[in-house]
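In the order they appear, the protein sequences are chains H and L.
According to my numbering, the first sequence is numbered sequentially starting from 244.
According to my numbering, the second sequence is numbered sequentially starting from 244.
Notes for the one structure printed next.
Number of protein chains: 2
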Amino acid sequence: MTSIKDVARDVEMSTATVSRALRGLQGVSEETRGRVMESARRLGYVPSPSAAGLASGLTRTVAVIVPRVTQWFFAAIVQGAEEVLRERGYDLLLYNLAGDASARHRVFETNLLTKRVDAVLVLSLKPSPDELDRLLRLGRPVTIIGADMPGWATVRIDDHEAASTATQHLLDLGHRRIAYIGGATEGVLDFTAPSARLAGYRCTLERTGAPPAPELEADGAFTVAGGLRAARELLSGTDRPTAIFAASDEMAIGALRAAQELGLRVPEDVSVIGIDDHEMASYFDLTTVAQPVHEQGRVAATQVLAALTDDHWHPEQVILPTELVVRRTTAQLRT
Amino acid sequence: MTSIKDVARDVEMSTATVSRALRGLQGVSEETRGRVMESARRLGYVPSPSAAGLASGLTRTVAVIVPRVTQWFFAAIVQGAEEVLRERGYDLLLYNLAGDASARHRVFETNLLTKRVDAVLVLSLKPSPDELDRLLRLGRPVTIIGADMPGWATVRIDDHEAASTATQHLLDLGHRRIAYIGGATEGVLDFTAPSARLAGYRCTLERTGAPPAPELEADGAFTVAGGLRAARELLSGTDRPTAIFAASDEMAIGALRAAQELGLRVPEDVSVIGIDDHEMASYFDLTTVAQPVHEQGRVAATQVLAALTDDHWHPEQVILPTELVVRRTTAQLRT
DNA sequence: TTGAAAGCGCTAACAT
DNA sequence: ATGTTAGCGCTTTCAA
Numbered sequence: 244m245t246s247i248k249d250v251a252r253d254v255e256m257s258t259a260t261v262s263r264a265l266r267g268l269q270g271v272s273e274e275t276r277g278r279v280m281e282s283a284r285r286l287g288y289v290p291s292p293s294a295a296g297l298a299s300g301l302t303r304t305v306a307v308i309v310p311r312v313t314q315w316f317f318a319a320i321v322q323g324a325e326e327v328l329r330e331r332g333y334d335l336l337l338y339n340l341a342g343d344a345s346a347r348h349r350v351f352e353t354n355l356l357t358k359r360v361d362a363v364l365v366l367s368l369k370p371s372p373d374e375l376d377r378l379l380r381l382g383r384p385v386t387i388i389g390a391d392m393p394g395w396a397t398v399r400i401d402d403h404e405a406a407s408t409a410t411q412h413l414l415d416l417g418h419r420r421i422a423y424i425g426g427a428t429e430g431v432l433d434f435t436a437p438s439a440r441l442a443g444y445r446c447t448l449e450r451t452g453a454p455p456a457p458e459l460e461a462d463g464a465f466t467v468a469g470g471l472r473a474a475r476e477l478l479s480g481t482d483r484p485t486a487i488f489a490a491s492d493e494m495a496i497g498a499l500r501a502a503q504e505l506g507l508r509v510p511e512d513v514s515v516i517g518i519d520d521h522e523m524a525s526y527f528d529l530t531t532v533a534q535p536v537h538e539q540g541r542v543a544a545t546q547v548l549a550a551l552t553d554d555h556w557h558p559e560q561v562i563l564p565t566e567l568v569v570r571r572t573t574a575q576l577r578t
Numbered sequence: 244m245t246s247i248k249d250v251a252r253d254v255e256m257s258t259a260t261v262s263r264a265l266r267g268l269q270g271v272s273e274e275t276r277g278r279v280m281e282s283a284r285r286l287g288y289v290p291s292p293s294a295a296g297l298a299s300g301l302t303r304t305v306a307v308i309v310p311r312v313t314q315w316f317f318a319a320i321v322q323g324a325e326e327v328l329r330e331r332g333y334d335l336l337l338y339n340l341a342g343d344a345s346a347r348h349r350v351f352e353t354n355l356l357t358k359r360v361d362a363v364l365v366l367s368l369k370p371s372p373d374e375l376d377r378l379l380r381l382g383r384p385v386t387i388i389g390a391d392m393p394g395w396a397t398v399r400i401d402d403h404e405a406a407s408t409a410t411q412h413l414l415d416l417g418h419r420r421i422a423y424i425g426g427a428t429e430g431v432l433d434f435t436a437p438s439a440r441l442a443g444y445r446c447t448l449e450r451t452g453a454p455p456a457p458e459l460e461a462d463g464a465f466t467v468a469g470g471l472r473a474a475r476e477l478l479s480g481t482d483r484p485t486a487i488f489a490a491s492d493e494m495a496i497g498a499l500r501a502a503q504e505l506g507l508r509v510p511e512d513v514s515v516i517g518i519d520d521h522e523m524a525s526y527f528d529l530t531t532v533a534q535p536v537h538e539q540g541r542v543a544a545t546q547v548l549a550a551l552t553d554d555h556w557h558p559e560q561v562i563l564p565t566e567l568v569v570r571r572t573t574a575q576l577r578t
């Protein structure tokens with residue numbers, strides 16, 4: 244393996260100069276840089292990240308902690324983050340918790356990340372106080388995506404508002420019995436969105452004078468299967484809701500399925516709206532409140548990289564806009 | 244930052260012994276190991292992967308090169324691989340090409356990976372001869388998933404057979420005008436599955452005496468949108484096919500959509516079958532040839548780790564079984 | 001603009 | 001079972 248030393252010998256210069264030339268630092272004459280680059284190429288020089296990391300304390304690697312890569316939403320954020328990291332020459336270390344508490348424990352509790360990454364991106368997880376403490380002690384930039392964590396750098400949408408938009412859309416269509424399918428407001432993969440969305444739903448309903456009814460609120464675990472189960476329950480009782488607001492498109496898709504199973508037509512018999520604008524949403528004709536998923540990944544990555552370079556940077560809370568996308572699963576209430 | 248040296252000083256032993264104790268090597272008395280562990284914990288010792296990597300030449304990191312994480316199929320494989328890597332204490336470096344030729348170039352051409360990872364997993368990509376050459380010169384275990392590359396360690400399904408199963412299912416239902424939606428057999432994100440599946444389709448048709456008709460073969464680019472476009476075309480002509488076999492579930496979902504747009508009922512007017520058993524397949528009632536996606540990731544990861552530890556290991560070609568899953572998008576031909 | 005030299009934190013070969 | 005001793009390949013003062 245040819246090292247910086249071989250190149251130095253080849254161009255008859257010190258390794259220090261070669262290192263500087265290779266990294267594009269200033270204070271190297273153009274002629275020298277040219278000779279170094281040429282020699283490096285000719286000798287097939289490949290830098291050693293381990294050696295650079297050991298010497299500089301920087302790894303040019305960012306950890307991304309994700310609840311489940313198999314969920315389109317998370318994968319899209321990862322993709323966004325990867326793009327900007329790659330552009331800037333950073334590598335992405337993926338930690339997929341996949342609903343596994345021990346995986347979560349391993350990533351947060353052991354100081355696994357300490358000397359391994361320059362920054363951390365946490366997706367849609369609400370770290371516990373203890374976990375936050377460990378993240379803080381990493382002494383590295385951390386950005387949290389999709390959760391509201393005051394004092395931390397975050398990138399998210401206004402979940403309360405998004406839920407409000409969805410609920411209001413149904414109200415505007417004349418619906419009054421509006422069910423809500425959400426998710427546990429705490430647990431292994433908890434984040435702050437579920438509670439904010441639930442609150443947005445309740446608030447908006449209350450403004451109409453209609454008090455939220457507990458029997459209209461169900462847990463769909465933010466999965467298609469969960470949404471299916473929840474909607475089955477909601478729709479099979481007597482006095483069923485005329486509309487369902489699911490806090491995620493996947494749950495909404497489950498709800499569509501439940502309606503179909505029960506012989507209910509959408510939107511004639513029941514309207515359904517979700518949040519996300521999932522890649523499959525348009526194929527289900529799903530009305531939804533779209534959020535810029537991919538973009539959240541890009542912004543978060545940009546943010547940690549800025550923290551890494553800017554001398555005095557301080558945590559920022561970015562809130563990205565959402566937009567109501569009306570398709571064909573919501574319609575005027577039939578009287 | 245406390246290092247191995249601090250622990251050595253604390254327990255009054257050499258760094259070599261501490262290193263051995265920490266790594267669980269044999270040749271360390273139980274008493275010593277205990278004291279070292281206790282001291283390490285007490286001092287808040289965190290190992291430095293860079294230092295270990297530099298000294299040992301091993302990074303305990305595996306690169307996973309994926310066409311697009313946002314596609315469920317790839318994400319599921321990544322998840323499978325991540326599980327076994329994590330169990331064994333390896334980290335996963337994600338390289339997402341996302342249809343970007345320059346990203347592909349960057350990963351393969353520059354020797355980015357050389358001193359960075361211990362092994363490489365390549366998903367559903369057919370490396371060019373030049374790329375294969377570079378992979379080979381990494382001198383590291385490489386496993387290719389979803390492509391048929393003789394001489395290399397691979398994990399995949401029998402694509403020819405899977406396509407045959409799907410086609411035969413349609414034939415068994417009485418269909419004769421069976422269209423095929425596949426994907427380019429070369430390009431930036433090419434792999435060997437498209438051609439094998441096309442061949443399986445053609446072969447099976449030929450056995451019935453029906454020569455494959457070029458006008459029944461379309462390109463759906465392995466995406467929902469592509470499948471939609473292709474099926475629109477196929478279904479709007481005169482003498483339209485009575486069944487469509489899409490080489491992936493996503494394209495099949497697009498085909499379902501096209502049928503719906505054109506006012507055709509599935510399966511009464513047209514049968515549709517896919518390959519994969521995508522997580523959304525059951526919600527579309529899609530008949531498909533299921534493949535063990537997650538498992539392919541696990542097997543591939545297990546394979547490279549074995550290559551890393553076994554003294555004399557040689558590349559193996561693992562073929563995982565597929566299974567016809569009949570749902571409600573295929574039915575007997577109506578005469 | 002360049003060089004000398006120390007050292008980042010660990011592993012591994014060789015001793016004992 | 002434990003210690004000694006070289007590095008691994010790079011970055012980073014400090015000097016020139």
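Glycine included, C-beta positions come from ideal geometry on N, C-alpha and C.
* Validate contact between the segment 556-565 of chain L and the segment 389-401 of chain L using beta carbons, cut 8 Å, 3 pairs -> yes
* Length of the line joining the Cα atoms of residue 425/L and residue 464/L -> 7 Å
* To do: Enumerate in chain order the residues of its own chain whose CB-to-CB distance from residue 286/L is below 7 Å, with the five nearest sequence positions on each side excluded.
  => 245, 249, 250, 253
* Residues in the segment 286-305 of chain H having any Cβ partner in chain L nearer than 7 Å -> 289, 291, 292, 293, 294, 296, 297, 302
* To do: State yes or no: is the C-beta of residue 339/L nearer than 7 Å to some heavy atom of the ligand MG?
  => Looking for the ligand MG in the displayed structure turns up nothing, as the structure carries no ligands at all.
* Return the Cβ separation of residue 572/L and residue 514/L in integer angstroms, given the expectation that the two are a contact with Cβ distance under 8 Å. => 6 Å
* Cβ contact check for the segment 370-383 of chain H and the segment 341-359 of chain H: 3 or more pairs under 8 Å -> yes
* Among 522/L, 404/L, 519/L, 478/L, the one whose alpha carbon lies nearest that of residue 501/L -> 478/L
* Asked: What is the C-beta distance between residue 516/H and residue 530/H, in whole angstroms, given that I count them as a contact (C-beta under 8 Å)?
  -> 5 Å
* Based on the DSSP secondary-structure assignment, which residues constitute the bridge partners of residue 514/L? -> 486/L
* Asked: Would you say residue 518/H reaches chain L, if we count a Cβ-Cβ gap shorter than 8 Å as a contact?
  -> no
* Since residue 314/L sits in a beta bridge, which residues does DSSP pair it with? -> None; residue 314/L has no bridge partner.
* Mind checking the segment 351-367 of chain L against chain H and listing, in chain order, the residues whose C-beta falls within less than 7 Å of any C-beta there? => 354, 357, 358, 359
* Asked: Exposed or buried, residue 373/H, counting other C-beta atoms within 10 Å across all chains shown (16 or more means buried)?
  -> exposed
* Asked: With contact counted as at least three CB pairs below 8 Å, one residue from each stretch, are the segment 409-424 of chain H and the segment 484-503 of chain H in contact?
  -> yes
* To do: Determine the contact status of residue 241/H and residue 312/H, defining contact as a CB-CB distance below 8 Å.
  => Look at the range of chain H in this structure, 244 to 578, and you will see that residue 241/H is not part of it.
* **Length of the line joining the Cα atoms of residue 405/L and residue 279/L** => 55 Å
* Asked: How far does the beta strand (DSSP E) with residue 398/H in it reach, from first residue to last?
  -> 396-400
* To do: Give me the Cα-Cα distance between residue 431/H and residue 294/L, rounded to the nearest whole angstrom.
  => Any answer about residue 431/H is weak, because its pLDDT of 45 lies below 50 and its placement is not dependable; what the coordinates show is given next. Whole-angstrom Cα-Cα distance: 34 Å.
* Output yes or no for whether 8 Å exceeds the beta carbon distance between residue 368/H and residue 308/H. => yes
* To do: Rank 467/L, 259/L, 358/L by C-alpha distance to the C-alpha of residue 271/L and give the top, closest one.
  => 259/L
* Asked: Using the C-alpha atoms, what's the distance from residue 415/H back to residue 334/H?
  -> 47 Å
* Using a beta-carbon distance below 8 Å, is residue 420/H in contact with chain L? -> no
* What first and last residue would you give for the beta strand (DSSP E) that runs through residue 509/H? -> Where residue 509/H is concerned, there is no enclosing beta strand (DSSP E), given that its DSSP letter is neither H nor E.
* Asked: What's the gap between the Cα of residue 570/L and the Cα of residue 443/L?
  -> 22 Å
* Check whether the Cβ atoms of residue 362/H and residue 383/H sit closer than 8 Å, and answer yes or no. => yes
* Can you give, in chain order, each stretch of the beta strand (DSSP E) that sits fully within the segment 404-474 of chain H and has at least 3 residues? -> 421-425, 460-462
* To do: Check whether the Cβ atoms of residue 576/H and residue 417/H lie closer than 8 Å to each other.
  => yes
* To do: Compare the C-alpha of residue 255/H against each of 269/H, 276/H, 266/H, 268/H and name the closest.
  => 276/H
* To do: Within the same chain, show all residues whose beta-carbon is closer than 8 Å to that of residue 574/H, passing over the 5 residues directly before and after it, in chain order.
  => 416, 510, 511, 514
* Listed from N- to C-terminal order along the chain, which residues in the segment 488-521 of chain H have their beta-carbon within a distance smaller than 7 Å of any beta-carbon of chain L? -> 496, 500
* Asked: Does DSSP put residue 547/H in a helix, a strand or coil?
  -> helix
* Asked: Three-state secondary structure (DSSP) at residue 260/H?
  -> helix
* Asked: What are the start and end residues of the beta strand (DSSP E) that includes residue 334/H?
  -> 334-339
* Shorter than 8 Å from the beta carbon of residue 532/H to some beta carbon of chain L? -> no
* Where does residue 269/L land, buried or exposed, given buried means 16+ other C-beta within 10 angstroms? -> exposed
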